[in-house]
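Notes for the one structure printed next.
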Amino acid sequence: MNAMKKHVAVYPGSFDPITNGHLDIINRGLEVFDTLIVAVARNSEKNALFSIEERVEMIRETLGDNPRLKVDSFPGLLIDYVARQEARVILRGLRAVSDFEYEFQIAQMNHSINEEIETLFMMTAVPYGYLSSSIVKEMAALDGPIDPYVPPAVKAALDRKYGRLL
Ligand code: COA
Numbered sequence: 001m002n003a004m005k006k007h008v009a010v011y012p013g014s015f016d017p018i019t020n021g022h023l024d025i026i027n028r029g030l031e032v033f034d035t036l037i038v039a040v041a042r043n044s045e046k047n048a049l050f051s052i053e054e055r056v057e058m059i060r061e062t063l064g065d066n067p068r069l070k071v072d073s074f075p076g077l078l079i080d081y082v083a084r085q086e087a088r089v090i091l092r093g094l095r096a097v098s099d100f101e102y103e104f105q106i107a108q109m110n111h112s113i114n115e116e117i118e119t120l121f122m123m124t125a126v127p128y129g130y131l132s133s134s135i136v137k138e139m140a141a142l143d144g145p146i147d148p149y150v151p152p153a154v155k156a157a158l159d160r161k162y163g164r165l166l
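Each residue of the sequence shown is one higher than the last, beginning at 1 in my numbering.
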């Protein structure tokens, strides 16, 4: 426990793709933690639009160089990855009551595997409460407006995926 770095948090997700809602959590996370590791789960069961490499690249391009931010991906269990990073905190965003049950379940499961690691939640900022990666993808596929919801690197990647010229 003492060897673990107290001020490092891991912010995990599928990030398929990263949205402004995730970025809000990252920016606020940086106010609280010295170092934030944005970690893309490699074994997400979801049917993904973007490859892990594409997702990591979009996050890197969006976040730019910041010595307090690291972008990574991980195979296997999140809790093991967090321990390998010598971090004590998993940061997650909560959008609505509907997120709670799932988050509660994985937080409890993770804590039962390693009780030295805590999951901390931040309430998603109001403009992003209804936002999700799936909604963004559906909007993009149907040529809806996505600019307010995603960073430019993601907008460009979605345009390319759906065959639109920039
Ligand atoms: N604002 C807006 N939207 C947000 C948001 C925010 N602050 N935070 C999350 N979302 C949305 C995402 O866009 C995404 O939308 P989608 O469902 O349409 O794709 C959804 O909420 C959740 O996605 P994301 O934040 O990317 O994370 P996730 O729930 O897919 O991540 C892991 C789950 C990676 C944490 C979990 O699967 C995991 O730990 N995997 C590793 C394997 C493991 O350890 N499993 C055992 C767990 S007990």
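We put the CB at the ideal spot given by N, CA and C, even for glycine.
| Query | Result |
| --- | --- |
| P67, DSSP secondary structure in three states | coil |
| Opening and closing residue of the alpha helix (DSSP H) in which R28 lies | 20-32 |
| C-alpha gap between F33 and A9, whole angstroms | 7 Å |
| Selection from L142, M123, S133, N114 that minimises the alpha carbon distance to A83 | N114 |
| L23 versus R42, V40, L63, H7, residue with shortest Cα-Cα distance | L63 |
| P12 in three-state terms, based on DSSP | strand |
| Any 3 or more C-beta pairs closer than 8 Å across the stretch 28-43 and the stretch 68-78 | yes |
| D65 classed as buried or exposed, judged by whether at least 16 other C-beta atoms fall within 10 angstroms | exposed |
| Backbone secondary structure at D147 - three-state DSSP | coil |
| Short Cβ contact (8 Å threshold) for A48 with D99 | no |
| Cβ-heavy atom distance, H22 to ligand 1, below 7 Å | yes |
| Entirely enclosed beta strand (DSSP E) segments - the stretch 93-148, minimum 3 residues | 118-123 |
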